[in-house]
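Q:
2 protein chains.
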Amino acid sequence: MAELGVEARRREILTAALALADERGLDALSMRAVAARVGVTPMALYPYVGNKDALLDGLVDLMLAELLPAAGTPGAWDVRLRAIAHAGRALAHRHPAAYPLLLSRPAVTPDAVRLVDALYRALLDAGVPAAQVPRLERLVSTYVLGYAIGEITGRFAPADPRRHARATAAGGAAPAHQELSGVLAQPPDWDTEFTAGLDDLLHVITSHAHAHATRGVPAEQAAAARPATTRDRPIRGSASR
Amino acid sequence: MAELGVEARRREILTAALALADERGLDALSMRAVAARVGVTPMALYPYVGNKDALLDGLVDLMLAELLPAAGTPGAWDVRLRAIAHAGRALAHRHPAAYPLLLSRPAVTPDAVRLVDALYRALLDAGVPAAQVPRLERLVSTYVLGYAIGEITGRFAPADPRRHARATAAGGAAPAHQELSGVLAQPPDWDTEFTAGLDDLLHVITSHAHAHATRGVPAEQAAAARPATTRDRPIRGSASR
DNA sequence: ACCTGAACACCGTTCAAGT
DNA sequence: ACCTGAACACCGTTCAAGT
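These protein sequences, in sequence, are chains P and D.
The numbers in the UniProt record's numbering rise by one with no breaks, and the one at position 223 of the first sequence is 223.
The numbers in the UniProt record's numbering rise by one with no breaks, and the one at position 181 of the second sequence is 181.
This is the structure:
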């Protein structure tokens, strides 16, 4: 009972911290401000969150927990992979200030492992050889995180005319910009671009997949539908539960 | 003369700040610490760097300046693109603490534009249609930045046995991890993996290229080697200088 | 068991002042 | 023209103390 209370209080504190980051940015996320929002003295936070660094790790946990339901999406491997990717990007829009923490902190919490596991599963179901699965998982998650962060931090943003102006002002120093002035004049649609990049990565994945393994359904169903001899390696556990 | 002195002093301050970040991390990068390293009072920095935020932008500038020579690499489009990508990753290893700033600040300085221009040029030379060039440039630069940051911040890192242990401890919650336990047991070579991902992106690029445009040499030579009728759009300026 | 209050060693930045 | 010093409003975190 007391233990449960501690966990609940911890979540209460982390939720307040994430809300504060959402509303006023990472710079405004001080232990003192979080404490004030929870209605307590700064020192009262320490037994629950350790210190500020651990509090930031806690925010990562909280965001991963929000993302996790996407890992349960049913359907073909590419449907599942797309769902997780789009959920990952949507998370960035919901928590633009805290989101970059995902890229800078090791993903070793149970929820992070579960999420990675769902991506591993999708890649395995796509027919990717085991040796390539972790690498392609990192390729996809790097894309999702990097793209979303580029978007929210404004790295891609200079859709305002000033960048274009500056680029052409550079003149001979930026000839390719001049050659592309037509397409650079119209700002891109970031939703469309994200999906296009994801499509490109899906092609990369299928290009690495075994020729015979074009199964697009979850492992159990695929295993049931295929003759056992098409399995390239023994599957240990979990297939029937 | 006085103007030049100001620029030189600014660079001196930024160089000291970058060195400080390299040696003691971003958290240790205070205005006071930079000032002490330069041998001056904190307030003396302000006329040169504006404020702390602008100082961080200055570090981005400094890193881009280090990266820029890679944009001058000669050779075929893919050679040039690879050179820039590998230089971008090498930069991360040289400045692990400051590097993530590249992902979080808009790239609108002249050096940034020059770098993007070199990537645009490589993609154009690859035969990518103009409409796809900016998107694929963002795909490539997102990969380089995201991968390098994942590497230096330890997001990929749990090559230590603990992650694997934790994943398998999760048991039924991480079945794909179990299925992959063989490949997950051996830590990846990050150099090789970076290159493999880059190869994948090069394939994406060529898959988007015009069928006839497999030119692998800089624009001027390619333009000279091909009949003018194969050009899909008029090239404005720069081609002959 | 849970929280508070005072204190310490830091921050970034302002302002008025020095030479 | 270039820099300093004192001051202000903040930080994260410690410690001893309250109830």
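Virtual Cβ for every residue (Gly too), placed ideally from N, Cα, C.
This structure is a prediction, so every number in the text was calculated from the model and none was measured.
Counting C-beta neighbours from all protein chains within 10 Å, is the total for D:D117 16 or more, i.e. buried, or is it exposed?
A: Buried, since its Cβ has 16 or more Cβ neighbours within 10 Å.
Q: Round the Cβ separation of P:A107 and P:D22 to the nearest angstrom and send it over; I've been treating them as touching at under 8 Å.
A: Rounded, the Cβ-Cβ distance is 21 Å, inconsistent with contact.
Q: Tell me, please, whether the CB atom of D:H93 is closer than 7 Å to any CB atom in chain P?
A: Chain P contact via Cβ: absent.
Q: Just the chain D side, please: which residues come within less than 7 Å of P:L184 by C-beta, in chain order?
A: Within chain D, the residues near P:L184 are P134.
Q: Drop a sphere of 10 angstroms on the beta-carbon of P:E179, count the other beta-carbons inside from all chains shown, and report buried for 16 or more, exposed for fewer.
A: P:E179 is buried by the Cβ-count criterion.
Q: Report the rounded CA-to-CA distance for P:A130 versus D:V183, giving the unit in angstroms.
A: Whole-angstrom Cα-Cα distance: 7 Å.
Q: Restricting to Cα atoms, I'd like to know which of D:L145, D:H210 and D:A209 is closest to D:L198.
A: That would be D:L145, whose Cα lies nearest to the Cα of D:L198.
Q: Is there a C-beta anywhere in chain P that falls below 7 Å from the one on D:T214?
A: Here D:T214 scores only 48 on pLDDT, less than 50, and its place in the model should not be relied on; the value that follows carries that caveat. Not an interface residue.
Q: Does any residue of chain P have a CB that is nearer than 7 Å to the CB of D:G146?
A: Taking Cβ atoms only, chain P reaches closer than 7 Å to D:G146, which makes this a yes.
Q: Determine the direct distance from the alpha carbon of P:H203 to that of D:R32, and round the result to whole angstroms.
A: Cα to Cα, D:R32 sits roughly 51 Å from P:H203.
Q: For D:T142, which residues in chain P fall below 7 Å Cβ to Cβ?
A: The contacting residues are Y143, G146, Y147 and G150.
Q: Is the Cβ of P:V138 closer than 7 Å to any Cβ of chain D?
A: The question names Val, but residue 138 of chain P is Arg in the sequence shown. True, the Cβ-Cβ gap to chain D drops below 7 Å.
Q: Near P:G88, which residues of its chain fall below 8 Å by C-beta distance, leaving aside the five closest residues on each side in sequence?
A: L67, A70, S141, V144, L145 and A148.
Q: Tell me where the alpha helix (DSSP H) around P:D191 begins and ends.
A: Per DSSP, P:D191 belongs to the alpha helix (DSSP H) from W190 to H208.
Q: Any chance the stretch 37-56 of chain D sits against the stretch 7-26 of chain D, with 3 or more Cβ pairs inside 8 Å?
A: Result yes; three or more Cβ-Cβ pairs closer than 8 Å.
Q: What's the gap between the Cα of D:V113 and the Cα of P:A174?
A: For D:V113 and P:A174, the distance between alpha carbons rounds to 7 Å.
Q: Could you tell me if the beta carbon of P:A112 falls within a distance shorter than 6 Å of some heavy atom in the ligand NAP?
A: This structure lacks the ligand NAP; in fact it carries no ligand of any kind.
Q: Just to confirm before moving on: does the CB-CB distance between P:R105 and D:F156 stay below 7 Å?
A: Not in contact: P:R105 and D:F156 (Cβ atoms no closer than 7 Å).
Q: Do we get a CB-CB distance below 7 Å when we pair P:L180 with the residues of chain D?
A: Answer yes: the Cβ-Cβ gap between P:L180 and chain D drops below 7 Å somewhere.
Q: What residues in the UniProt DNA-binding region "H-T-H motif" (30-49) of chain D bring their beta carbon closer than 9 Å to a beta carbon of chain P?
A: Those would be none; no residue qualifies.
Q: Which residue from D:L103, D:A17 and D:M63 puts its Cα closest to that of D:R94?
A: D:R94 has its Cα closest to that of D:M63, out of D:L103, D:A17 and D:M63.
Q: Measure the Cβ-Cβ separation of P:G75 and P:H210 and say whether it is below 7 Å.
A: No. Outside cutoff.
Q: Can you tell me where the alpha helix (DSSP H) with P:R121 in it begins and where it stops?
A: Here the alpha helix (DSSP H) through P:R121 covers P110 to D125.
Q: Residues of the stretch 71-92 of chain P in Cβ contact with chain D at a cutoff of 8 Å, in chain order, please.
A: Under the 8 Å Cβ criterion, the stretch 71-92 of chain P contributes no residue.
Q: Are the beta-carbon atoms belonging to P:A16 and P:V38 less than 7 Å from one another?
A: Yes, these two residues count as a Cβ contact at 7 Å.
Q: Taking only beta-carbon atoms, is P:V6 less than 7 Å away from chain D?
A: No, its Cβ sits nowhere closer than 7 Å to a Cβ of chain D.
Q: Taking 7 Å as the threshold (beta carbon to beta carbon), is D:A209 in contact with chain P?
A: Not closer than 7 Å to any Cβ of chain P, the Cβ of D:A209 fails to qualify, so no.
Q: Establish whether the CB of residue 243 of chain P and some CB of chain D are separated by less than 7 Å.
A: Outside the displayed range of chain P (1 to 241) lies residue 243 of chain P, so it cannot be described from this structure.
Q: Between P:D125, P:A83 and P:D61, which lies nearest to P:P100 when the distance is taken from Cα to Cα?
A: Measuring from the Cα of P:P100, the nearest candidate turns out to be P:D61.
Q: Taking the alpha-carbon of P:T195 as reference, which of P:H86, P:T73 and P:D111 has the nearest alpha-carbon?
A: When each option's Cα is compared against that of P:T195, the closest is P:H86.
Q: Measure the alpha-carbon distance for P:P110 versus D:M43 and round it to whole angstroms.
A: Rounded to whole angstroms, P:P110 to D:M43 spans 47 Å at the Cα level.
Q: Thinking just about the alpha-carbon of each residue, which of P:Q132, P:A185 and P:A122 is nearest to the one in D:Q186?
A: Selected option, being the one with the closest Cα: P:Q132.
Q: Would you please verify whether the beta carbon of D:G197 is less than 7 Å from any beta carbon of chain P?
A: Judged by the 7 Å Cβ criterion, D:G197 is in contact with chain P.
Q: Kindly say whether D:L20, judged by its beta-carbon, lies nearer than 7 Å to any beta-carbon of chain P.
A: Closer than 7 Å: no.
Q: Under 6 Å Cβ to Cβ from D:A92, same chain only, skipping five residues before and after it: list those, please.
A: Excluding sequence neighbours, D:A92 sits near Y99, A148 and I152.
Q: Roughly how many angstroms lie between the CA atoms of D:R82 and D:G5, to the nearest whole one?
A: Near 37 Å, if we compare the C-alpha coordinates of D:G5 and D:R82.
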